[in-house]
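Trainee:
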Ligand code: NIG
Ligand code: FE
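In the numbering used here, the protein residues as written are 9 to 399.
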């Protein structure tokens, strides 16, 4: 049996509170053993079981953290919208309408082109420490192009999400209810074989709460699991709808009130914050302290997409969360690892414990705090997934 030993870890983040009584479960001067892609032993650097170790990695006192779990990304699209970004920085407002430009280009692209572009983004994400990444459709917006977007998504990740309800495409501008019928009917049937999740952009300029309820329920009836874009552009009922339907996560949440917090805190629905979207749209950063104080599980994700957040870089998201959303560094690391895993209802990733997948990063620094303290600097030295080094 080949085993890999990771030794001399100065500071190990496990997300297992048994180690130190805190959510990050920090262990100092530690080691762990990997077998068949999973962790089989964690202990002190001084008590390593040496038998059968084929491969030994010396962390040289550096910090090791679980691989980031990026639970919200749109990776299947063609083109970019740098001109729209330029206009926004000059004062124009972000609206859901820009999505239509990407839809035109995506419909013209071949599956090979979409896959190549998705793989490039996935490789960027991996190089910055992401080892699990969700991927949505949503730039096809007809039966054929949504179905093939899901085929491409499935080639990128197991965490695939059907987002036929991203916006109403121009062909249905005057009959949005007919588009909702299409999404709930033939489009869902065509997308379902490659979809784990169903999502709706429930916001100003996209879908109403009633339409979102209808679409999510149709997906759930076909075995898909619900998640929801909510309250990005204005306050609304999206968070309450997500909680009502038992969504794994409600995402964006630039706007929320006491009732929303109460509903989240008494549910299993994760609140996923996407501060790179606020950064790129000059939006309002939510104050995460109110969620944390109420005991809500909070995740952080990239929202990588060509319009509102064209980044795959979770360390950047962590830096924003600490600087502008009032996360502590500990809360930000937890949210980008364990929080993301909860948002995808995954027990095997987002933490480092016996039986968990050996998905982790070795930082160049002695502490995880540097991810916020040294923004923009590439601090991820090595990335491992399933016990294999990928960077
Ligand atoms: O998550 N909110 C909806 N969808 C994307 C934006 C997509 C786009 O502008 O292309 C988001 O921000
Ligand atoms: Fe999104």
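Using N, Cα and C, we set each Cβ at its ideal position, and we do this for glycine too.
Taking one C-beta from the segment 368-375 and one from the segment 23-38 each time, how about it: are there three or more such pairs within less than 8 Å?
Mentor: no
Trainee: Enumerate in chain order the residues of its own chain whose CB-to-CB distance from residue 346 is below 6 Å, with the five nearest sequence positions on each side excluded.
Mentor: 23, 358 and 359
Trainee: When the Cα atoms are used, what is the spatial distance from residue 142 to residue 311?
Mentor: 10 Å
Trainee: Kindly list the residues whose CB is nearer than 7 Å to the CB of residue 105, restricted to its own chain and excluding five residues on each side of it in sequence; keep chain order.
Mentor: 213
Trainee: From this set, 251, 114 and 97, which residue's C-alpha is nearest residue 88's C-alpha?
Mentor: 114
Trainee: Could you compute how far the alpha carbon of residue 94 sits from the alpha carbon of residue 318?
Mentor: Computed Cα separation, rounded: 13 Å.
Trainee: For residue 7, report the span of its beta strand (DSSP E) as first-last.
Mentor: An answer regarding residue 7 cannot be provided, because it is not within the stretch 9 to 399 covered by the chain.
Trainee: Please tell me whether, using a cut-off of 7 Å, the distance from the CB of residue 211 to the nearest non-hydrogen atom of the ligand FE is below it.
Mentor: The beta carbon of residue 211 sits no closer than 7 Å to any heavy atom of the ligand FE.
Trainee: Can you list the beta strand (DSSP E) stretches of 3 or more residues lying completely in the segment 322-372, in chain order?
Mentor: 368-371
Trainee: Nearest CA to the CA of residue 249: which residue from 260, 220 and 266?
Mentor: 220
Trainee: Buried or exposed, going by whether 16 or more other CB atoms sit within 10 Å of the CB of residue 385?
Mentor: The Cβ neighbour count for residue 385, taken over all protein chains shown within 10 Å, is under 16; the residue is labelled exposed.
Trainee: Using a Cβ-Cβ cutoff of less than 7 Å, which residues in the same chain neighbour residue 222 once the five nearest sequence positions on both sides are dropped?
Mentor: 188 and 192
Trainee: Count the other C-beta atoms from every protein chain shown that fall within 10 angstroms of the C-beta of residue 354, then say buried if there are 16 or more, exposed otherwise.
Mentor: buried
Trainee: Do the segment 60-71 and the segment 299-316 make contact, defined as three or more Cβ pairs closer than 8 Å?
Mentor: no
Trainee: Within 10 angstroms of its Cβ, does residue 201 collect 16 or more other Cβ (buried), or is it exposed?
Mentor: exposed
Trainee: With H, G and I counted as helix, E and B as strand and the rest as coil, what does DSSP make of residue 134?
Mentor: helix
Trainee: According to DSSP, what are the bridge partners of residue 311?
Mentor: None; residue 311 has no bridge partner.
Trainee: As a quick check of your reading: which residues have a C-beta less than 6 Å from at least one non-hydrogen atom of the ligand HEM, in chain order?
Mentor: The ligand content of the structure shown is limited to the ligand NIG and the ligand FE, which means the ligand HEM is not among them.
Trainee: Would you list the residues sitting across from residue 15 in a DSSP beta bridge?
Mentor: DSSP lists 66 as partners of residue 15.
Trainee: Tell me whether residue 55 is buried or exposed, calling it buried when 16 or more other Cβ atoms sit within 10 Å of its Cβ.
Mentor: exposed
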